[in-house]
Amino acid sequence: APWTLRRDRTREAWETRDLRKACAEYSGGLPEGSQFEDAEGQSALICPPGMAAEPVELRLPLAGYYALFARATANGCLIQAGEEELVRMVRPGEEVFVCATDLTASVVRVFAFDTFNTPRTGLASLRLVPVTRESVEAFRRETGNPPVPLTGVDDWAEYFHGPVRIAEDQFATIAGGQAELGLRTLAWSVGRSWVEYHSKLPQTTRFPCIPLAEARKLFDRADNYIGRITMQERYDPLECALGLRERFGLRVWGWLAMNRHYGPAYGGMFASRWFRENPQWHDWGKNAKAPLTSVVCYYFPEVRRERVAILKEVAERSPDGLVIGCCRQVPMLLYHPEMVAAFREETGIDPLKIDASNREEYERWIRWRADHFTEVLRLLRRELRALELERGRRIPVAVRVPSVGLFLNLAQGLDIEQ
11 APWTLRRDRT
21 REAWETRDLR
31 KACAEYSGGL
41 PEGSQFEDAE
51 GQSALICPPG
61 MAAEPVELRL
71 PLAGYYALFA
81 RATANGCLIQ
91 AGEEELVRMV
101 RPGEEVFVCA
111 TDLTASVVRV
121 FAFDTFNTPR
131 TGLASLRLVP
141 VTRESVEAFR
151 RETGNPPVPL
161 TGVDDWAEYF
171 HGPVRIAEDQ
181 FATIAGGQAE
191 LGLRTLAWSV
201 GRSWVEYHSK
211 LPQTTRFPCI
221 PLAEARKLFD
231 RADNYIGRIT
241 MQERYDPLEC
251 ALGLRERFGL
261 RVWGWLAMNR
271 HYGPAYGGMF
281 ASRWFRENPQ
291 WHDWGKNAKA
301 PLTSVVCYYF
311 PEVRRERVAI
321 LKEVAERSPD
331 GLVIGCCRQV
341 PMLLYHPEMV
351 AAFREETGID
361 PLKIDASNRE
371 EYERWIRWRA
381 DHFTEVLRLL
391 RRELRALELE
401 RGRRIPVAVR
411 VPSVGLFLNL
421 AQGLDIEQ
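For the sequence shown, this note's numbering gives the first residue as 11, with consecutive numbering after it.
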């Protein structure tokens, strides 16, 4: 296969299942808290939660390119080989290929997980196989340049659940790992009901939308989100992603979900203050007796302006484009009583009494309704115009839609033909 690494027969492989011995010979001293577990003549390196932030470093007497294989134990392993390589997670179980890189005058590092869910990092074995530089370069070209362009849709915060490393370098792991597989355009999440970057807008709420201490009283799995919360408190994830573009040859677009507000679910930690404080704009189902608790109606100018303000602020950070996320929680508009009354007054048609079997009237209704969401895009374009003139370039805007059909998208509040 074109991605096969070619072994360099002029050099010996290096392998160990005795990490106690390897650390004694090559680490030059272990960080406080490091441990070993011995069994059947083997010794695994264990980095328990709460261990010093510094990694265990193995300075091996190697030169040239190597393919690195590792077997993890405990809850998995966080490992980095070489100065520019990513800090990667290895799941527990069988030996796996980690990376191929130049280890000349370099180190192999093993990191501890963060402490919030008490996991342990464990490295049970390490095997380094010498390979040719040419085959590594060919391997990277092949895996990094697929025959068709690939785009990653990055709900990046999901990475920080379970055993994780809470550190800025993990943004590089997320972005760089995709770049290695040829995903050179990333739609990077900037928010749902909340925002996932450091916003200056007064109406935005950064995750979590209520204090964690309060969420714990209402939601028994609130602590599962500590990793996500901490990464947003310590860093500005959007700035971190944008700062990785040159290193990995990426284009980063800001992706905002347009109608994911959750309401009281998850103890309320997913619903922004703006959403909670404005129930008058919550959407209604057909013939419903009360509003829905997790979506808004784009019939209202205030709803449109709230999303456009966020998108404009993101655009001011100079991403490569904006992604309008409409794949989840559609339709964008339903049957809010004020909207229904306005259409009834304008046309004499009652939307509550028709459906797709009345094709002409129903299409008239859903096209009129969808135009209120199209107004979001018109408003956004007007807001971006001055910024585009200032920057001297057009800011592309893409809309993710839930269906391949024009009529089906129209029924979801998205008029593709507009």
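Glycine included, each C-beta is placed from N, C-alpha and C at the ideal position.
Could you tell me whether the region 225 to 242 touches the region 253 to 268, where touching means 3 or more Cβ pairs closer than 8 Å?
-> Judged by pairs of C-beta atoms under 8 Å, the region 225 to 242 does not touch the region 253 to 268, as fewer than three such pairs exist.
Please work out which residues of its chain come closer than 7 Å, Cβ to Cβ, to residue 228, disregarding the five sequence neighbours upstream and downstream, and give them in chain order.
-> Same-chain partners within the cutoff: 277 and 278.
If we ignore side chains and look at the alpha-carbon of each, how far apart do residue 144 and residue 70 end up?
-> Our two residues, residue 144 and residue 70, have alpha carbons roughly 22 Å apart in a direct line.
Measure how close the beta-carbons of residue 258 and residue 177 come, nearest whole angstrom, since I'm counting them as under 8 Å.
-> At roughly 17 Å, the Cβ-Cβ gap does not stay under 8 Å, so residue 258 and residue 177 are not in contact.
Would the region 124 to 133 and the region 159 to 166 be scored as touching if the rule is three or more Cβ pairs under 8 Å?
-> No: the two stretches stay apart, fewer than three of their Cβ pairs being nearer than 8 Å.
Beta carbon of residue 194, beta carbon of residue 261: below 8 Å?
-> The Cβ atoms of residue 194 and residue 261 lie closer than 8 Å to each other.
Among 83, 104 and 153, nearest to residue 120 - alpha-carbon criterion | Taking only the C-alpha atoms, the option nearest residue 120 is 83.
Taking only runs that begin and end inside the region 155 to 193, name each unbroken beta strand (DSSP E) of 3 or more residues, in chain order.
-> Annotation note: the region 155 to 193 contains the following uninterrupted beta strand (DSSP E) runs of length 3 or greater, listed N- to C-terminal: 160 to 164.
Straight-line gap, residue 25 to residue 134 (C-alpha atoms, nearest Å) = Annotation: residue 25 to residue 134 spans about 11 Å, alpha carbon to alpha carbon.
DSSP state of residue 28, grouped into three classes?
-> Strand, per DSSP.
Going by alpha carbons, who is nearest to residue 385 out of 310, 157 and 223?
-> Considering only alpha carbons, the answer is 310.
Find the nearest neighbour of residue 208 within the set 320, 292 and 399, judged by alpha-carbon distance.
-> Closest option to residue 208, Cα to Cα, is 320.
Name the DSSP bridge partner or partners of residue 262?
-> According to DSSP, residue 262 bridges with 196.
Span separating the alpha-carbon of residue 168 from that of residue 206 | Each residue's Cα considered, the two are about 12 Å apart.
Whole-angstrom distance between residue 105 and residue 16, CA atom to CA atom | Distance between residue 16 and residue 105, taken at the CA atoms: about 19 Å.
Cα-Cα separation, residue 388 to residue 409 = Going from the Cα of residue 388 to the Cα of residue 409 covers about 13 Å.
The alpha helix (DSSP H) spanning residue 285 covers which residue range?
-> Going by DSSP, residue 285 is part of the alpha helix (DSSP H) stretching over 283 to 286.
Alpha carbon to alpha carbon, what distance is there between residue 37 and residue 430?
-> Any answer about residue 430 is impossible in this case: the structure gives the chain only from 11 up to 428.
Tell me whether residue 293 is buried or exposed, calling it buried when 16 or more other Cβ atoms sit within 10 Å of its Cβ.
-> Burial of residue 293 is indicated by the presence of at least 16 other C-beta atoms within 10 angstroms of its C-beta.
Hey, would you say residue 182 sits closer than 8 Å to residue 254, going by beta carbons?
-> Contact flag set, yes.
Check residue 313 in the structure and name its three-state DSSP category.
-> Three-state DSSP puts residue 313 in a helix.
For residue 13, which of 298, 141 and 346 has the nearest alpha-carbon?
-> Closest option to residue 13, Cα to Cα, is 141.
Which residue's Cα is closest to the Cα of residue 342: 354, 327 and 317?
-> Out of 354, 327 and 317, 317 has the C-alpha closest to the C-alpha of residue 342.
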